[in-house]
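*Asks:*
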Amino acid sequence: MKILAIESSCDETAAAVIVDHDGQAEIKSNIVSSQIDLHKSYGGVVPEVAARAHIESIIPVIDEALKASQTKLSDIDYLAVTYGPGLIGSLLVGVESAKAISAATGIPLLPLNHLEGHIYAAFSGGITNDEFRISNELGKEPEFPILTLMVSGGNTLLILMKDHLNYEVVGQTIDDAAGEAFDKGAKLLDLGYPGGPIISRLAAQGDATKYRLPIIDLTPNPTRDENGYLVNPEPSLDFSFSGLKTALLTIVKTQGPFTKKNIDNLCAAYQEAIVESLVQNSLRAVKKYQPQTFVLAGGVAANPLLREKLGQALKETSPKTSYLIPPISLCGDNAAMIGVAAYYRLANSKKPIANSQLVAVPNLKIV
Ligand code: KG4
């Protein structure tokens, strides 16, 4: 079986070819054309600019993915495409291109949720880490239940899976996403875009204890029952990062200008506060749902401190839970993750839908 996967939900135009021989699947090619340079000067993704850039690069990127995998379009058995969530103009380019290829060739088309792709990137093989017992081979069955911390520029979610393609959101951000917090923090400090990689690089040289920033816990205050006894509410699994951003803004306004050392220290403290909140809620969710496997997914999963702290915390508190993280190359948006999710979808006999019915859904939920 050969799958050609296409992803264009935000600012990366991507195509990949996944090939399966007798139950052994392999990512044959994974081409990503990033638009970061186009959006840098605006400090964020400009939707109109992104859509136009996708139009220019989608066909060359698909061609390159086929060429790099030494596959002809006529050899492809399935097309897979991200149809949401994302920017409508960006999604439309991938969806309409996939529909056109499908209509012209008769290759069946499989619509995929972008978030599903991020989760399945963790089952894509390619990394081993004995310390954290990371083990994954494409095609090897992951153990359920699986709990995923999905952290990207647009989403921060805790997702429980009792089986393949069965998703329950058990925690989420009530305001900014974790990646957005990194990006906005970097903008406040005038460091550039995207903020996550810049902040994590500077933070590595900084001292997180030099600034105090809040770690937001949304657990409600205890109440009293009819006998006057304190009743502790269940710890919240939801996230909030907007207060942290305001705290950083206050420091910038009242304590700047900063030396290079102070910027490094601020980055370290800011990163620490985001990571701590993500780890704290993940551990609460692990305690509550007792997953066999914990997956860290999305662009922010590339953050070295988060990868390390979560692995360490899981090892200490829930040593029987396997910890899966995608290789760094598959944390950010890419089409291989969409192909891998399509592979599992087909293996679990979800049939492709008819070509003409597919529409892009910018606010698609994961269910
Ligand atoms: O998954 P992704 O490529 O796009 C979305 O679907 O949103 O994630 C992009 C986000 C950006 O906010 C970026 O700043 C963040 O991932 N990111 C990081 C790191 N690398 C990328 N955040 C923290 N540390 C990193 N090393």
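Mapping to our numbering: the sequence shown position 97 is 1032, numbers consecutive. Positions of the beta carbon are idealized from the N, C-alpha and C atoms, including for glycine. This one's a predicted model, so the numbers in the text were calculated from it and none came from an experiment.
If we ignore side chains and look at the alpha-carbon of each, how far apart do Ser943 and Gly1024 end up?
*Replies:* Reading the sequence shown from its first residue, position 8 is the one you call residue 943. Reading the sequence shown from its first residue, position 89 is the one you call residue 1024. Going by the C-alpha atoms only, they are around 9 Å apart.
*Asks:* For the alpha helix (DSSP H) containing Gly1130, list its first residue and its last residue.
*Replies:* Locating residue 1130 in the sequence shown gives position 195, where the first residue counts as 1. It spans Gly1130 to Ala1138 - the alpha helix (DSSP H) in which Gly1130 sits, taken as one unbroken run.
*Asks:* Enumerated in chain order, which unbroken segments of the alpha helix (DSSP H) with a length of 4 residues or greater are wholly contained in the region 1157-1234?
*Replies:* Taking only runs of at least 4 residues, the alpha helix (DSSP H) segments lying wholly in the region 1157-1234 are 1177-1190 and 1195-1224.
*Asks:* From Cys945, Lys963 and Gly1178, pick the residue whose C-alpha is nearest to that of Gln970; which is it?
*Replies:* Locating residue 970 in the sequence shown gives position 35, where the first residue counts as 1. Cα-wise, what sits closest to Gln970 is Cys945.
*Asks:* May I ask you to check if the CB of Asn965 is nearer than 7 Å to at least one heavy atom of ligand 1?
*Replies:* Position 30 of the sequence shown, counted from the first residue, corresponds to residue 965. For ligand 1, not one heavy atom lies less than 7 Å from the Cβ of Asn965.
*Asks:* Applying the criterion that 16 or more other CB atoms from any shown protein chain within 10 Å of the CB defines a buried residue, is Ile1134 buried or exposed?
*Replies:* Indexing the sequence shown from 1 puts residue 1134 at position 199. Classification for Ile1134: buried.
*Asks:* Taking buried to mean at least 16 other C-beta atoms within 10 Å of its own C-beta, is Gly1019 buried or exposed?
*Replies:* By one-based count along the sequence shown, residue 1019 stands at place 84. Looking at its Cβ environment, which holds 16 or more other Cβ atoms inside 10 Å, Gly1019 is buried.
*Asks:* What does the alpha-carbon distance come out to for the pair Lys1034 and Asn1290?
*Replies:* As a working note, residue 1034 is residue 99 in the sequence shown. As a working note, residue 1290 is residue 355 in the sequence shown. C-alpha separation (whole angstroms): 6 Å.
*Asks:* Does ligand 1 have a heavy atom nearer than 7 Å to the CB of Ala1237?
*Replies:* The sequence position of residue 1237 within the sequence shown is 302, counting from 1. Yes; taking the cut-off as 7 Å, the Cβ of Ala1237 has a heavy atom of ligand 1 nearer than that.
*Asks:* Are there any heavy atoms of ligand 2 lying less than 7 Å away from the beta-carbon of Cys1202, as far as the coordinates show?
*Replies:* In terms of ligand content, the structure shown lacks ligand 2 and carries ligand 1 instead.
*Asks:* Do Ala951 and Ile962 have their C-beta atoms within less than 8 Å of each other?
*Replies:* Numbered from its first residue, the sequence shown carries residue 951 at position 16. Numbered from its first residue, the sequence shown carries residue 962 at position 27. The answer is yes: Cβ separation under 8 Å.
*Asks:* Do you know whose CA, among Ile1301, Val1105, Gly1114 and Ser968, lies nearest Pro995's CA?
*Replies:* Working through the sequence shown from its first residue, we reach residue 995 at position 60. Of the listed residues, the one whose Cα sits closest to Pro995 is Ser968.
*Asks:* Cβ of Phe1117 versus every heavy atom of ligand 1: is any distance shorter than 7 Å?
*Replies:* Taking the sequence shown and counting its residues from 1, the one referred to as residue 1117 is at position 182. True, at least one ligand heavy atom lies under 7 Å from that Cβ.
*Asks:* Quick one: does the C-beta of Gly1234 sit closer than 7 Å to a heavy atom of ligand 1?
*Replies:* As a first step, residue 1234 must be located in the sequence shown, where it is residue number 299. Yes.
*Asks:* Verify whether the separation of the beta carbon atoms of Asp1111 and Lys1119 is less than 8 Å.
*Replies:* Translated into the one-based positions of the sequence shown, residue 1111 becomes position 176. Translated into the one-based positions of the sequence shown, residue 1119 becomes position 184. Contact flag set, yes.
*Asks:* Give me the Cα-Cα distance between Val1105 and Leu1213, rounded to the nearest whole angstrom.
*Replies:* Mapped onto the sequence shown, residue 1105 falls at position 170. Mapped onto the sequence shown, residue 1213 falls at position 278. Distance between the alpha carbons of Val1105 and Leu1213: 14 Å.
*Asks:* What does the alpha-carbon distance come out to for the pair Ala1057 and Ala1232?
*Replies:* On the sequence shown, residue 1057 is found 122 positions in, with the first residue counted as 1. On the sequence shown, residue 1232 is found 297 positions in, with the first residue counted as 1. The alpha-carbon atoms of Ala1057 and Ala1232 are separated by roughly 7 Å.
*Asks:* Do you know how far the Cα of Arg1219 is from the Cα of Leu1082?
*Replies:* Counting from one through the sequence shown, the residue named residue 1082 turns up at place 147. Counting from one through the sequence shown, the residue named residue 1219 turns up at place 284. Rounded to the nearest angstrom, the two C-alpha atoms are 11 Å apart.
*Asks:* Per DSSP, what kind of secondary structure is Asp1010 in: helix, strand or coil?
*Replies:* Locating residue 1010 in the sequence shown gives position 75, counting from the first residue. Here Asp1010 sits in helix by DSSP.
*Asks:* Check whether the Cβ atoms of His974 and Tyr1128 sit closer than 8 Å, and answer yes or no.
*Replies:* Stepping through the sequence shown from its first residue, residue 974 is reached at position 39. Stepping through the sequence shown from its first residue, residue 1128 is reached at position 193. Going by C-beta atoms, His974 is nearer than 8 Å to Tyr1128.
*Asks:* Does ligand 1 have even one heavy atom less than 7 Å from the beta-carbon of Gly1088?
*Replies:* As a first step, residue 1088 is located in the sequence shown; it is residue number 153 there, counting from the start. Yes, Cβ of Gly1088 sits closer than 7 Å to a heavy atom of ligand 1.
*Asks:* My assumption, with CB atoms under 8 Å, is that Leu1148 sits in contact with Leu1179. Please give the rounded CB distance.
*Replies:* Start at 1 with the first residue of the sequence shown, and residue 1148 comes out as number 213. Start at 1 with the first residue of the sequence shown, and residue 1179 comes out as number 244. Indeed they touch by this definition, with Cβ atoms about 6 Å apart.
*Asks:* Comparing the CB of Asp1268 with every heavy atom of ligand 1, is any distance shorter than 7 Å?
*Replies:* Here residue 1268 refers to the residue found at position 333 when the sequence shown is read from its first residue. Asp1268: yes, Cβ under 7 Å from ligand 1.
*Asks:* Please decide whether Gly1130 counts as near chain B, where near means a Cβ-Cβ distance under 8 Å.
*Replies:* The question asks about chain B, but that chain is absent: this structure has only one protein chain.
*Asks:* By DSSP, does Met1096 sit in helix, in strand, or in coil?
*Replies:* In the sequence shown, the residue the question calls residue 1096 occupies position 161. Looking at Met1096 - three-state DSSP - the assignment turns out to be strand.
*Asks:* Give the straight-line distance between the Cα atoms of Arg1068 and Glu1211, rounded to the nearest whole angstrom.
*Replies:* To locate residue 1068, count along the sequence shown from 1; it is residue 133. To locate residue 1211, count along the sequence shown from 1; it is residue 276. In this prediction, Arg1068 has a pLDDT of 38, which is less than 50 and means its spatial position is unreliable; what the coordinates show is noted afterwards. Taking the straight line joining both Cα atoms gives about 22 Å.
*Asks:* Rank Gln1247, Val1221 and Ser1171 by C-alpha distance to the C-alpha of Asn1156 and give the top, closest one.
*Replies:* Sequence index remark: in the sequence shown, residue 1156 carries index 221 (1-based). With distances taken between Cα atoms, Asn1156 lies closest to Ser1171.
*Asks:* Can you name, in chain order, every residue of its own chain whose Cβ lies under 7 Å from the Cβ of Pro1261, other than the five neighbours on each side?
*Replies:* By 1-based counting over the sequence shown, the position of residue 1261 is 326. Ala1056, Ala1057, Ser1059, Ala1232 and Ala1236, listed in sequence order.
*Asks:* Helix, strand or coil: which one does DSSP assign to Met936?
*Replies:* Counting from 1 along the sequence shown, the entry for residue 936 is found at position 1. Correct three-state label for Met936: coil.
*Asks:* Is there at least one non-hydrogen atom of ligand 1 closer than 7 Å to the beta-carbon of Gly1041?
*Replies:* In the sequence shown, residue 1041 corresponds to position 106, counting from 1. False, no ligand heavy atom lies under 7 Å from that Cβ.
*Asks:* Would you be able to state if there are at least three C-beta pairs under 8 Å between the region 1138-1153 and the region 1200-1211?
*Replies:* Cβ pair count under 8 Å is three or more, so yes.
*Asks:* Here's the rule I'm using: 16 or more other beta-carbon atoms within 10 Å means buried, otherwise exposed. How should Tyr1164 be labelled?
*Replies:* One-based indexing of the sequence shown puts residue 1164 at position 229. Its Cβ having fewer than 16 others within 10 Å, Tyr1164 is exposed.
*Asks:* For Lys937, collect the residues of the same chain with a Cβ closer than 7 Å to its Cβ; drop the 5 residues on either side in sequence, then sort them by chain order.
*Replies:* Residue mapping note: residue 937 aligns to position 2 of the sequence shown, counting from 1. Val952, Val954, Thr1006, Asp1010, Ile1011 and Asp1012, listed in sequence order.
*Asks:* Of the choices Val1028, Pro1254, Tyr1146 and Ala1138, whose alpha-carbon is the least far from that of Ile1186?
*Replies:* What you label residue 1186 is simply residue 251 of the sequence shown in a count that begins at 1. Out of Val1028, Pro1254, Tyr1146 and Ala1138, Tyr1146 has the C-alpha closest to the C-alpha of Ile1186.
*Asks:* With a CB to CB cut of under 8 Å and the five nearest residues on each side skipped, what residues in its chain are close to Thr1252?
*Replies:* Working through the sequence shown from its first residue, we reach residue 1252 at position 317. For Thr1252, where only same-chain residues beyond five positions count, the Cβ hits under 8 Å are Leu1218, Val1221 and Lys1222.
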